[in-house]
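Notes follow the structure.
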Amino acid sequence: MKISSNLIKITLALSLMASSLLASEINVYSHRHYDTDKILFKTFEQKTGITVNVVTAKAEELVSKLELEGANTPADILLTSDIGNLYEAKEKVLLQPISSKVLETNIPLHVRDSQNEWFGLTKRARIFVYNPQKINPNNLSDYLSLAKPEFKGKILTRTSTNAYNKSLLASIIANHGEEKATEFAKGLTENFARAPKGNDRDQISAVAAGDGDIAIVNTYYLGIMLNSKVERDVETAKSVKIFFPDQKGKGTHINISGAGVTKYAKNKENAIKLIEFLSSIEAQQMFAEANYEYPVNPSVKASGTVASWGEFKEDTLSLNEVGKYNKKAVEVATKAQWK
Ligand code: FE2
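Residue numbers (the numbering used here): 228 to 566.
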């Protein structure tokens with residue numbers, strides 16, 4: 228008799244525990260589709276017992292979804308790459324400010340929102356990749372210099388509607404003003420080796436194939452190719468060299484992957500816990516090793532390949548400024564007829 232009542236008590240306690248564990252969850256809207264993220268979320272689940280549910284789609288779609296769903300959204304976190312989307316989400320009042328000493332310590336000021344509505348989690352530098360047989364690196368300097376007539380027919384990059392190029396151009400507007408930025412965009416477009424097409428990886432391949440001499444790309448694409456299992460990718464990536472632009476000026480433009488807690492998050496405390504975990508040394512090391520991005524946490528070193536490119540001066544312009552000029556960047560690119 229005694230035993231069976233104890234058994235009932237234990238069973239009850241266990242089912243209560245299970246239901247409270249079930250109730251612990253977070254819903255993430257993510258634009259990132261990397262395997263690392265899946266491993267990071269799993270690690271977090273194992274550490275905390277909080278389940279992480281992920282919905283992936285394009286960043287623009289996720290922002291629209293948040294807007295449409297309003298207070299009924301199931302999403303607690305918006306996770307995207309490129310500052311443009313996070314900035315827009317903030318502008319549309321889809322995020323909320325977070326007070327977290329952990330995040331303020333782990334993430335430097337220029338890669339998080341001044342009102343703590345979004346936080347950078349990884350950094351990528353927008354650099355030049357060049358053909359060392361055709362280009363003397365002494366002739367390379369900043370982004371603006373790519374508009375010089377000496378580079379006619381040599382430049383490769385993707386379209387101006389691409390988020391990375393929009394943010395690069397926005398940073399040039401913020402740093403040098405609209406007039407200089409327009410002049411740059413026109414000169415750059417006139418120097419294109421071909422009409423913009425493909426992604427950053429395609430630009431690197433085009434340099435290696437001799438279709439152009441200098442490409443503007445994000446660092447991690449080169450890192451991925453250098454560590455690829457496909458030998459051709461490795462050879463392609465090894466045949467080009469990397470150059471960090473604007474080292475004597477503002478520094479190389481950087482962009483982020485980042486996250487914010489949604490305005491109507493139902494699991495706000497858990498959401499903060501997850502973002503804090505993603506900024507931790509453990510998670511930052513995983514980010515750095517897996518996708519060849521730069522960690523935001525200054526206590527964590529870049530991966531071997533990335534570190535081999537050397538230290539560089541990064542532009543510490545607040546990414547809020549980059550977000551602010553994203554719309555202007557579209558106007559400037561259109562005026563310059565940059566496809
Ligand atoms: Fe990318």
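C-beta atoms are modelled at their ideal positions from N, C-alpha and C, and glycine is treated no differently.
query: Classify Pro-324 as helix, strand or coil using the three-state DSSP reduction.; result: coil
query: Measuring alpha carbon to alpha carbon, tell me which residue in Gln-273, Gly-276 and Phe-268 is nearest Val-282.; result: Phe-268
query: Hey, how far is the Cα of Val-255 from the Cα of Tyr-391?; result: 23 Å
query: Kindly list the residues whose CB is nearer than 6 Å to the CB of Ala-408, restricted to its own chain and excluding five residues on each side of it in sequence; keep chain order.; result: Ile-399, Ile-400 and Val-559
query: Quickly, what does DSSP pair Val-282 with across the bridge? List them, please.; result: Tyr-256
query: Using the Cα positions of Glu-516 and Pro-335, report the straight-line distance between them to the nearest angstrom.; result: 20 Å
query: Measure the Cβ-Cβ separation of Asn-312 and Ala-352 and say whether it is below 8 Å.; result: no
query: Taking only runs of the alpha helix (DSSP H) that begin and end inside the region 329-417, which ones reach a length of at least 4 residues, in chain order?; result: 390-403 and 405-417
query: Which residue marks the beginning of the beta strand (DSSP E) containing Phe-470, and which one marks its end?; result: 468-470
query: Look at the alpha carbon of Leu-453 and the alpha carbon of Pro-472, and state the distance between them as a whole number of angstroms.; result: 21 Å
query: Quick check on DSSP: helix, strand or coil for Asn-426?; result: coil
query: Going by C-alpha distance, which of Glu-296, Gly-478, Ile-253 and Lys-292 is nearest Gly-276?; result: Ile-253
query: Following a CB-centred definition, is Asn-445 positioned closer than 7 Å to any heavy atom of the ligand FE2?; result: yes
query: My assumption, with CB atoms under 8 Å, is that Leu-396 sits in contact with Ile-441. Please give the rounded CB distance.; result: About 17 Å separates the two Cβ atoms, so there is no contact after all.
query: Within a Cβ cutoff of 6 Å, which residues of the same chain sit near Lys-540, ignoring the five residues on either side of it in sequence?; result: Gln-474 and Gly-478
query: Under the DSSP definition of a beta bridge, which residues are partnered with Ser-541?; result: For clarity, residue 541 is Glu in the given sequence; the question names Ser instead. Partner(s): Thr-479.
query: Within a Cβ cutoff of 6 Å, which residues of the same chain sit near Asn-553, ignoring the five residues on either side of it in sequence?; result: Gly-311, Lys-393 and Ala-397
query: Give the straight-line distance between the Cα atoms of Phe-419 and Thr-446, rounded to the nearest whole angstrom.; result: 20 Å
query: Does the beta-carbon of Ser-308, which I'm using as the reference point, lie nearer than 7 Å to any heavy atom of the ligand FE2?; result: yes
query: Compute the beta-carbon to beta-carbon distance between Val-444 and Asp-460, rounded to the nearest angstrom, for a pair I have assumed lies under 8 Å.; result: With 8 Å as the limit, Val-444 and Asp-460 do not qualify as a contact, their Cβ atoms being about 14 Å apart.
query: Decide yes or no for the touch test of the region 294-307 against the region 527-538: beta carbon pairs closer than 8 Å, at least 3 of them.; result: no
query: Among the candidates Ala-529, Ala-486 and Asp-542, whose CA atom is the shortest distance from the CA of Glu-503?; result: Ala-486
query: Between Ser-484 and Thr-349, how many whole angstroms is the CB-CB distance? I'm expecting something under 8 Å.; result: 5 Å
query: Should Pro-359 and Arg-385 be called a contact, given that it needs their Cβ atoms to be closer than 8 Å?; result: no
query: Of all the options Ile-508, Ala-529, Glu-377 and Thr-489, which has the alpha carbon lying nearest to the alpha carbon of Val-578?; result: Here the chain covers residues 228 to 566 and nothing more, so residue 578 does not appear.
query: In the DSSP assignment, what are the bridge partners of Ala-486?; result: Leu-306 and Phe-346
query: How big is the Cα-Cα spacing for Lys-316 and Leu-322?; result: Strictly speaking, residue 316 in this sequence is Ala, with Lys absent from that position. Cα to Cα, Ala-316 sits roughly 6 Å from Leu-322.
query: On the three-state DSSP scale, how would you describe Ala-534?; result: helix
query: What's the C-alpha gap between Ser-545 and Tyr-357?; result: 28 Å
query: Please name the residue or residues paired with Asn-454 in a DSSP beta bridge.; result: Its beta-bridge partners do not exist; DSSP assigns none.
query: Return helix, strand or coil for Ile-277, following the three-state DSSP convention.; result: coil
query: When DSSP builds the beta bridges, which residues end up paired with Tyr-261?; result: Bridge partners of Tyr-261: none, in fact.
query: In the DSSP assignment, find the unbroken alpha helix (DSSP H) run with Val-523 in it and report its ends.; result: Neither: Val-523 is in no alpha helix (DSSP H) and is coded neither H nor E.
query: I'd like the span of the alpha helix (DSSP H) that includes Ala-563, first residue to last.; result: Run containing Ala-563: none; DSSP gives neither H nor E here.
query: Hey, how far is the Cα of Glu-331 from the Cα of Ser-507?; result: 12 Å
query: Between which two residues does the alpha helix (DSSP H) carrying Ala-517 extend?; result: 508-518
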